[in-house]
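Enquirer:
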C-alpha cells in the first residue's frame with residue numbers, strides 16, 4: 001500500500017451564506033457611492049471591507065491522505081473437453097503458473113479455471129463476467145484468457161465488465177489479452193448430423209442428412225470425402241460425399257427396437273483430431289400399424305378391457321367381432337332386419353388373414369362357424385410368424401373345442417374333453433371350480449411377460465384364497481386342468497396346474513390362458529390384479545416386442561462404464577460374454593446373477609464408438625453418449641472467435657507455443673507495451689485522513705483592516 005497526499009482550498013463560513021452575500025452587496029453599494037461623490041480613501045476602505053468578508057468566509061487549506069488500492073487482472077484458464085486435445089490443457093496450466101510467479105510491475109492476478117458445463121459448450125465470457133462481479137470496478141485492470149479459442153459466448157462488442165466509466169464519467173475500456181495454447185491456427189474436419197429420425201418403420205428406410213466440413217487455413221468446400229456407416233455389426237456401407245454440402249443417406253431398418261448407426265468420415269491430412277470425424281445415432285424401429293383381430297365367442301366381461309387396452313395404443317389397428325348368434329340358433333329372421341353385420345368368415349380367415357399380426361380368440365367355440373380350411377389357415381398363420389392368444393373357458397372342453405381342430409396342433413396344452421352324457425349340473429373333468437389365487441411359477445418369475453408383475457404372491461404361497469391379502473392378487477373361481485402341456489408355464493392355478501402357457505411354434509407364437517376369469521381383477525375382486533398390464537405384455541410378446549424377449553442381451557454405456565445384462569428363463573447364474581471394442585479388439589466379460597433370470601457385468605470404457613456384446617446366441621450394441629457434443633463440434637486451435645474481441649478492447653493475442661516447458665508468456669506491465677501484457681494504471685484509492693488550517697488568521701485580518709482604514713483616513717485628511 002502506498003500513501004499519497006493532496007492539497008486543496010476549501011471554505012468554512014462564519015456567517016450564513018445569505019448574510020455574507022448581503023454584506024457584500026452593501027459594500028459594493030457604499031463603494032459605488034463613494035466613487036461617485038469622489039470621496040478620498042474610498043478604494044482603501046473597500047479593500048478593508050473585502051478583507052473582512054474574506055475572513056468571514058473562512059478560507060482553509062485542506063491536506064488529504066490517500067492510500068492506493070491494488071489492481072486485479074482476471075486470468076481465465078480453459079480446461080474444458082476441447083482443451084484435452086494434444087497437450088493444450090498442460091500448456092494452459094503452465095502459462096497460468098508462470099503468470100502467477102511474476103514479480104511486481106503489473107496488477108495482481110485472480111485465476112479462475114473453467115472446466116465446462118454439461119451442455120452448451122465452453123462459455124469463457126460467462127465465467128469472466130461472474131468473476132469480475134466480485135471485484136470493485138475501479139480496481140479491475142483487465143482480463144487474460146488462456147484457451148484454444150473455442151468458446152460459445154464471445155460477444156459481438158466489448159464485454160460488459162470491461163467497458164467502464166471513471167470517476168469523471170469518462171468511458172474506460174479495459175484490455176482483454178488472449179494466450180493461445182499452441183503454436184498457430186490449425187485445421188480440422190468434422191462430421192455433422194443435420195437430420196435423423198428417432199423412429200423408423202421396420203422394413204423401410206430412414207433418411208439421414210449429414211454434412212462434412214473442413215475448417216481452418218488452406219481448406220475449401222467441395223473436397224471429396226467418404227462416410228462409412230455401420231449398423232449392428234453388419235458390413236460397412238461407404239458413401240462418397242463432398243465437404244460443405246448436405247448429403248442424404250438412405251439406411252434400411254431391418255428389425256424393431258433400437259439400431260445403433262455409426263458414422264465415420266475419412267480423415268483430413270494434418271487435421272488436429274479425428275474425434276469429431278465420427279458420430280453415433282440411435283434409430284428405433286417400429287412396426288407400421290400392428291393389426292389385431294379379436295373374436296369373442298360370446299359377450300363376456302373381458303371384452304371392454306380388451307377394447308380399452310388395444311384402442312389405447314395408437315399403433316394398433318383393431319378388428320373386433322363378437323359372435324352373438326351362432327348358426328344353430330338361426331330363427332329365420334331376414335338378414336335385412338338384423339342390426340349387426342354378418343361375421344365375414346371368408347374375408348378374415350381366408351383373404352386377409354396374412355395381414356394380421358395377432359389373432360385373439362376370447363371364449364371362442366367353433367360351432368361350425370369356421371370350416372376346417374379356415375382353421376388350418378389359423379394354424380398356418382401361426383407357423384409363418386403370426387401370434388395367437390386364446391382365452392379358454394368351459395367351452396374349450398366341449399364338443400366344438402378348438403383343441404380338436406387343426407388349431408389344436410399349435411396350442412401348448414390339452415384339456416380332457418367333457419363326456420357327451422355329462423349332466424348340466426355336473427362339473428367337467430377338465431374344469432376346476434373353486435376359489436384359488438393365481439401363482440407365478442419359477443419360470444414365470446424369470447420371464448419378462450410376468451416378471452415383477454405388481455402384487456404377485458410370494459413364492460410357494462397357497463393358491464387357495466378365502467380372504468383378501470394386502471397388495472396381492474385377488475382370487476379367480478374357475479380354471480381348466482390340462483392333462484398335458486408344453487412350452488413355458490408362467491402361471492399356475494388350482495393344484496399347481498398350468499394356467500398361463502406360452503410357446504414358440506416354428507416362426508410364430510401362441511399364448512393360452514386356461515381360465516375365463518381374469519376379468520375379476522378389473523372389478524377389484526378381493527384386491528383385484530394387474531389384468532390390463534398382463535394382457536398388454538402377453539399381446540406384445542406375441543407381436544415380438546424386443547423388450548419382452550425371454551432370451552435377450554442388453555448393453556448400455558453410462559458414466560464411462562459398459563453394463564451388459566443377460567436375460568434368460570434358464571437358471572444360469574453366470575455366463576461368458578464376448579466383447580468387441582470399436583477398434584476390433586476382443587475380450588471376455590463374465591456376467592453374474594443379479595436376480596431371477598438376470599445376470600449383469602460391467603467394465604470401464606476406454607474407447608468411443610460402438611461396442612458389441614455377444615453371448616453366442618444374441619448380440620447387443622452400445623455406444624457412449626457425448627455429454628457435451630457442442631464441445632467437440634470444432635477442435636481447432638484458432639483465434640477466429642476471441643481475436644476480434646481482444647482487438648476491440650486494445651488487448652493482444654499471444655501464441656504460447658506447443659512445448660509446455662518453454663512457453664512464450666510475456667510479463668505483466670502497466671501501460672501500453674509491445675513486448676508485455678499491458679494494463680492501465682487505474683489509481684484507485686481510499687481516503688485515510690484530512691487536516692485543515694486557516695489561510696487568513698484573525699490577527700492578520702485585523703492588522704490588514706487597521707492598516708487599510710488608517711491609509712484611507714490619511715488619504716482623506718490630505719484632501
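Residue numbers (UniProt numbering): 1 to 719. We put the beta carbon where it would ideally sit given N, CA and C, even for glycine.
#1: Entirely within the stretch 49 to 78 and at least 3 residues each: give me those beta strand (DSSP E) ranges in chain order.
#2: Looking only at its own chain, which residues have a Cβ that is under 8 Å from the Cβ of residue 193, when we skip the five neighbours before and after it?
#3: Just to confirm the assignment: which complete beta strand (DSSP E) runs, minimum length 3, are found wholly within the stretch 118 to 206?
#4: In or out: residue 604 buried (at least 16 other Cβ within 10 Å) or exposed?
#5: What is the rounded straight-line gap between the Cα of residue 271 and the Cα of residue 107?
#6: Tell me whether residue 338 sits in a helix, a strand or coil according to DSSP, three-state version.
#7: Would residue 383 and residue 507 be called neighbours here (beta carbons separated by less than 8 Å)?
#8: Which runs of the beta strand (DSSP E) at least 3 residues long sit entirely within the stretch 655 to 690? Give them in chain order.
#9: By Cβ distance below 8 Å, which residues in the same chain neighbour residue 152 in space, the five residues on each side in sequence not counted?
#10: Check whether the stretch 706 to 716 and the stretch 40 to 54 are in contact - that is, three or more C-beta pairs closer than 8 Å.
#11: Which residues share a DSSP beta bridge with residue 285?
#12: Comparing C-alpha positions only, which one of 494, 125 and 659 sits nearest to residue 156?
#13: Under 8 Å, with one C-beta from each stretch per pair, do the stretch 283 to 296 and the stretch 350 to 364 reach the 3-pair mark?
#14: Taking buried to mean at least 16 other C-beta atoms within 10 Å of its own C-beta, is residue 9 buried or exposed?
#15: Identify every residue that forms a DSSP beta bridge with residue 503.
#16: Just curious, the alpha helix (DSSP H) that residue 539 is in, first and last residue?
#17: Which word fits residue 63, buried or exposed, when buried means at least 16 other C-beta atoms lie within 10 angstroms of its C-beta?
#18: Which same chain residues, not among the five before or five after residue 56, have their C-beta less than 8 Å away from its C-beta?
#19: For residue 538, which of 690, 615, 510 and 139 has the nearest alpha-carbon?
#20: Which of the three DSSP states, helix, strand or coil, is assigned to residue 43?
#21: Taking the alpha helix (DSSP H) that residue 17 falls in, what are its first and last residues?
#22: For the beta strand (DSSP E) that residue 432 lies in, which residues bound it at each end?
#23: With a Cβ-Cβ cutoff of 8 Å, do residue 574 and residue 593 count as a contact?
#24: Can you give the Cα-Cα distance for residue 11 and residue 703, rounded to whole angstroms?
#25: Assuming residue 582 contacts residue 611 under a Cβ cut-off of 8 Å, what Cβ separation, rounded to an integer in Å, is found between them?
#26: Residue range of the alpha helix (DSSP H) that residue 521 falls in?
#27: Using C-beta distances below 6 Å, list every residue in its chain close to residue 602, excluding the 5 sequence neighbours before and after it, in chain order.
#28: Between which two residues does the beta strand (DSSP E) holding residue 443 run?
#29: Thinking just about the alpha-carbon of each residue, which of 589, 545, 293 and 116 is nearest to the one in residue 344?
#30: Within 10 angstroms of its Cβ, does residue 477 collect 16 or more other Cβ (buried), or is it exposed?
#31: If you run the structure through DSSP and keep just helix, strand and coil, what is residue 311?
#32: In the DSSP assignment, the alpha helix (DSSP H) including residue 381 goes from what residue to what residue?
#33: Could you pull out every residue in the same chain whose Cβ sits closer than 8 Å to the Cβ of residue 536, ignoring the five residues on either side in sequence?
#34: Near residue 546, what residues of its chain come up, given a Cβ to Cβ distance below 6 Å and the 5 sequence neighbours on each side ignored?
#35: Using only the alpha-carbon positions, how far apart do residue 28 and residue 168 sit?
#36: Relative to the C-alpha of residue 240, which residue among 314, 234 and 249 is closest?
Expert: Let me lay it out:
#1: 59 to 68 and 72 to 78
#2: 208, 209, 210, 263, 279 and 281
#3: 140 to 147, 163 to 165, 171 to 173, 176 to 180, 188 to 195 and 199 to 201
#4: exposed
#5: 39 Å
#6: Only weak support is given to the placement of residue 338: the predicted model assigns it a pLDDT of 48, under 50, and the value that follows is read from those uncertain coordinates. Reduced to three states, the DSSP call for residue 338 is coil.
#7: yes
#8: 668 to 670 and 677 to 679
#9: 120, 121, 122, 123 and 630
#10: yes
#11: 200 and 257
#12: 125
#13: yes
#14: exposed
#15: 510
#16: 531 to 542
#17: exposed
#18: 13, 14, 15, 20 and 23
#19: 510
#20: helix
#21: 17 to 36
#22: 431 to 436
#23: yes
#24: 21 Å
#25: 7 Å
#26: 519 to 522
#27: 561 and 563
#28: Careful: residue 443 lies outside any beta strand (DSSP E), inside the alpha helix (DSSP H) at 442 to 446.
#29: 293
#30: exposed
#31: helix
#32: 372 to 383
#33: 309
#34: 256 and 257
#35: 37 Å
#36: 249
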